[in-house]
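Engineer: Okay, here's the structure, questions in a sec.
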Amino acid sequence: MKAIGIIGSPRKDGNSSYLLKKVLSQIEDVFDTEIIYLRDLNINPCNECYYCTKEESCIIEDDMQEIYHKLKATDVLIITSPVFMGGVTSRLRAFMERTWHLRRGQLKGKYGTWIVVGRRNLGSACNEIEQYLSILKMKKIPGIFGYALKPGEIENDKEALKGAEMLGKTILDLYKNNL
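Per this note's numbering, the sequence shown runs over residues 1480 to 1658.
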């Protein structure tokens, strides 16, 4: 079984990353886990060429090509983002737009969830990721959100920490019930 965490934050070890690692640490004995840091990849934005409406791929040659294979091979996808200007980060937005060709059901039946961290207002970030998972026809696991701004502040959000623990348990329960 495979679980992939996508980190949309520009910080390598920020608050959303902290929560993701909490979740993955609970399931790593059962799942092969991987973290993909979008900040370390060359991902160009969608250029609206509509190549993906005819083909099951994207014409843009960059680091997304490797990610497509990983997405198709995963059983659980956990998408994380801090809140930027009321939504997900531009890195995560580019990632989501570039997977448009996967809307035909290539990820149907796989599980998806989210982790969003913001200072006060989560804006539309949670809804953006929920909508994305729906477009990909994934089964959704309720996500978690946390309140923090500076690196490390998430450790003070006891509800978010409990949410990360519960999310890990939920994923393990799905595994025990054969996903």
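Glycine residues also receive a C-beta, built at the ideal position from the N, C-alpha and C atoms.
1) Of the residues Met1575, Arg1570, Gly1565 and Pro1621, which one's Cα is nearest the Cα of Ser1603?
2) So, with DSSP's three-state summary, where would you put Ile1608?
3) Please name the residue or residues paired with Thr1559 in a DSSP beta bridge.
4) Applying the 10 Å Cβ sphere with the 16-neighbour rule, what's the burial state of Arg1599?
5) If I measure Cβ to Cβ from Gly1474 and keep anything under 6 Å in the same chain, skipping five residues before and after, which residues do I get?
6) Does the Cβ of Lys1533 have 16 or more other Cβ atoms within 10 Å, making it buried, or fewer, making it exposed?
7) If the criterion is Cβ atoms closer than 9 Å, does the pair Leu1640 and Lys1501 meet it?
8) Between which residues of its own chain and Asn1635 is the CB-CB distance below 8 Å, once the five residues before and five after are set aside?
9) Going by DSSP, what residues sit across from Phe1624 in a beta bridge?
Structural biologist: With the structure as the only source:
1) Gly1565
2) helix
3) Ile1486 and Ile1594
4) exposed
5) The structure shown does not extend to residue 1474, since the chain is modelled only from 1480 through 1658, so no value can be given for it.
6) exposed
7) yes
8) Ala1627
9) Val1595
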